[in-house]
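Asks:
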Amino acid sequence: MQDRLSTAWRAMQNRESRTWGIDDLVVEMENEFSTDDASVGALEWRLRRSIQRNDLFDPAENVPLDEIVDPGQCTVLQMDTLDRRDQQLITTVLLRRLYRERLDDVRGRDSDIEHPIFALFEEGHRFAPASGEAPSLGIMRTITSEGRKFGFGLGIISQRPSKIDQDVLSQCGTQISMQIKNPNDQDAIKNSVEAAGEDVLRELPGLTPGQAVVSGDAMNAPALIQVRERITEHGAESRDVVQEWADAYDQRQREPTQSESADFGEGDSTGVQSLD
1 MQDRLSTAWR AMQNRESRTW GIDDLVVEME NEFSTDDASV GALEWRLRRS IQRNDLFDPA
61 ENVPLDEIVD PGQCTVLQMD TLDRRDQQLI TTVLLRRLYR ERLDDVRGRD SDIEHPIFAL
121 FEEGHRFAPA SGEAPSLGIM RTITSEGRKF GFGLGIISQR PSKIDQDVLS QCGTQISMQI
181 KNPNDQDAIK NSVEAAGEDV LRELPGLTPG QAVVSGDAMN APALIQVRER ITEHGAESRD
241 VVQEWADAYD QRQREPTQSE SADFGEGDST GVQSLD
């Protein structure tokens, strides 16, 4: 099944027109292989099901790469409403295209991206998991190991470094480490980051909010820094659930109970029905 899809994909890539959609890919598979082939029918069903189940793919709309990455511009892709698999697919496609454009530029070929770029991933363990189960892992390994030669930098942000692929983590030349108490996460840093000596690791559990240890290529020696407070609105503050519980309790206490507000039928003005 995979070889049939690969054959059709390569045929579409070799076409003069770079604009094509799922229908074109299905037609190409039918041209290359017998329509009686069960694998072709199964592939068509899976492709159409994947395309139709969400709005990720649109054959009529396209966002040019030079609109996403432009000198002096910071583009934020908000993907928190998508499930993890869709996030990984978008990341895979985008990183592959960007990497190819940077490769072409450095090698003197026509390219839409003629300047260095840097991609930063929040919750990086979603895209480069230690389990290896992510379509985006391969291209992220490639960029972290080879990207610097082509002006393509990549940064990973995560509260759980032990969940990040070790190959990706070990290729991060500069590390900014904030408070880490979990022994597994400390071991992940120790095993993957050359600059993280015992003295650095000893500092991590005792760091206060805003403090960080910077080590690696950007520093001659590990240094403790204080990160200034943000000047923009915080979009991910932890909720004060204890206060919310207290407020909800107070609100509930102020509301009349069912017995107080119920209409018991005919009776005196107090709402108490006579038993006589």
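Every letter in the sequence shown is one number past the one before it in UniProt numbering, and letter 174, counting from 1, is 174. All residues carry an ideal CB built from backbone N, CA and C; glycine is no exception.
Per DSSP, which one or two residues make a beta bridge with residue 77?
Replies: Your numbering for residue 77 matches position 77 in the sequence shown. Per DSSP, none; premise fails for residue 77.
Asks: Using the DSSP secondary-structure output, state which residues sit across from residue 279 in a beta bridge.
Replies: Here the chain has residues from 1 to 276 only, and residue 279 is not among them.
Asks: Where residue 7 and residue 32 are concerned, what is the direct C-alpha to C-alpha distance, given to the nearest angstrom?
Replies: Counting from 1 along the sequence shown, the entry for residue 7 is found at position 7. Counting from 1 along the sequence shown, the entry for residue 32 is found at position 32. Looking at the two C-alpha atoms, the distance is approximately 8 Å.
Asks: Figure out for me which residue from 120, 118, 119 and 141 has the closest Cα to the Cα of residue 129.
Replies: As a working mapping, residue 129 is identified with position 129 in the sequence shown. Out of 120, 118, 119 and 141, 141 has the C-alpha closest to the C-alpha of residue 129.
Asks: Around the C-beta of residue 234, are 16 or more other C-beta atoms found within 10 angstroms, so that it is buried, or is it exposed?
Replies: Locating residue 234 in the sequence shown gives position 234, counting from the first residue. So residue 234 ends up on the exposed side.
Asks: Which full runs of the beta strand (DSSP E) of 3+ residues lie inside the stretch 177-245, going along the chain?
Replies: Listed in chain order, they are 211-216 and 223-226.
Asks: I need the straight-line Cα distance from residue 184 to residue 76, nearest angstrom please.
Replies: Within the sequence shown, residue 184 is the residue found at index 184, counting from 1. Within the sequence shown, residue 76 is the residue found at index 76, counting from 1. Their backbone Cα atoms lie some 31 Å apart in a straight line.
Asks: Answer yes or no: do residue 151 and residue 106 have a C-beta to C-beta separation smaller than 8 Å?
Replies: As a first step, residue 151 must be located in the sequence shown, where it is residue number 151. As a first step, residue 106 must be located in the sequence shown, where it is residue number 106. Against a cut-off of 8 Å, the Cβ pair of residue 106 and residue 151 comes out as a contact.
Asks: Whole angstroms are fine: how far does the CA of residue 49 sit from the CA of residue 41?
Replies: Working through the sequence shown from its first residue, we reach residue 41 at position 41. Working through the sequence shown from its first residue, we reach residue 49 at position 49. If you take the alpha carbons of residue 41 and residue 49, they lie about 12 Å apart.
Asks: Please go through the same chain and pick out, in chain order, the residues whose beta-carbon is closer than 6 Å to the beta-carbon of residue 87, but skip the five residues on each side of it.
Replies: Translated into positions along the sequence shown, residue 87 becomes position 87. Cβ neighbours of residue 87 beyond the five flanking positions: 79.
Asks: Return the residue from the list 127, 99, 125 and 132 that minimises the CA-CA distance to residue 116.
Replies: As a position in the sequence shown, residue 116 is number 116, starting the count at 1. When each option's Cα is compared against that of residue 116, the closest is 99.
Asks: For residue 161, does the three-state DSSP call read helix, strand or coil?
Replies: Against the sequence shown, residue 161 aligns to sequence position 161. Note: residue 161 maps to helix in three-state DSSP.
Asks: Have a look at the DSSP bridge pairing and note the partners of residue 174.
Replies: What you label residue 174 is simply residue 174 of the sequence shown in a count that begins at 1. Answer is 216, bridged to residue 174.
Asks: Leaving aside the five residues before and after residue 125 along the sequence, list all residues of the same chain whose C-beta is less than 6 Å from its C-beta, in chain order.
Replies: Start at 1 with the first residue of the sequence shown, and residue 125 comes out as number 125. Here the set comprises 158, 160, 163 and 164.
Asks: According to DSSP, simplified to helix, strand and coil, what is residue 132?
Replies: In the sequence shown, residue 132 corresponds to position 132, counting from 1. Residue state, collapsed to three classes: coil.
Asks: Looking at the structure shown, is residue 12 part of a helix, part of a strand, or coil, going by DSSP?
Replies: Within the sequence shown, numbered from 1, the residue matching residue 12 stands at position 12. DSSP places residue 12 in helix when its eight states are reduced to three.
Asks: Under three-state DSSP, which class holds residue 62?
Replies: Residue mapping note: residue 62 aligns to position 62 of the sequence shown, counting from 1. Coil, per DSSP.
Asks: To the nearest angstrom, how far is it from the Cα of residue 206 to the Cα of residue 146?
Replies: To locate residue 206, count along the sequence shown from 1; it is residue 206. To locate residue 146, count along the sequence shown from 1; it is residue 146. Going by the C-alpha atoms only, they are around 35 Å apart.
Asks: When we look at the beta-carbon of residue 69 and count the other beta-carbons within 10 Å, is it buried (16 or more) or exposed?
Replies: As a working mapping, residue 69 is identified with position 69 in the sequence shown. By the neighbour-count rule (16 or more Cβ atoms within 10 Å), residue 69 is buried.
Asks: With a Cβ-Cβ cutoff of 8 Å, do residue 222 and residue 241 count as a contact?
Replies: In the sequence shown, counting from the first residue as 1, residue 222 sits at position 222. In the sequence shown, counting from the first residue as 1, residue 241 sits at position 241. Against a cut-off of 8 Å, the Cβ pair of residue 241 and residue 222 comes out as no contact.
Asks: In whole angstroms, give me the CA-to-CA distance for residue 109 and residue 38.
Replies: Taking the sequence shown and counting its residues from 1, one reaches residue 109 at position 109. Taking the sequence shown and counting its residues from 1, one reaches residue 38 at position 38. If you take the alpha carbons of residue 109 and residue 38, they lie about 41 Å apart.
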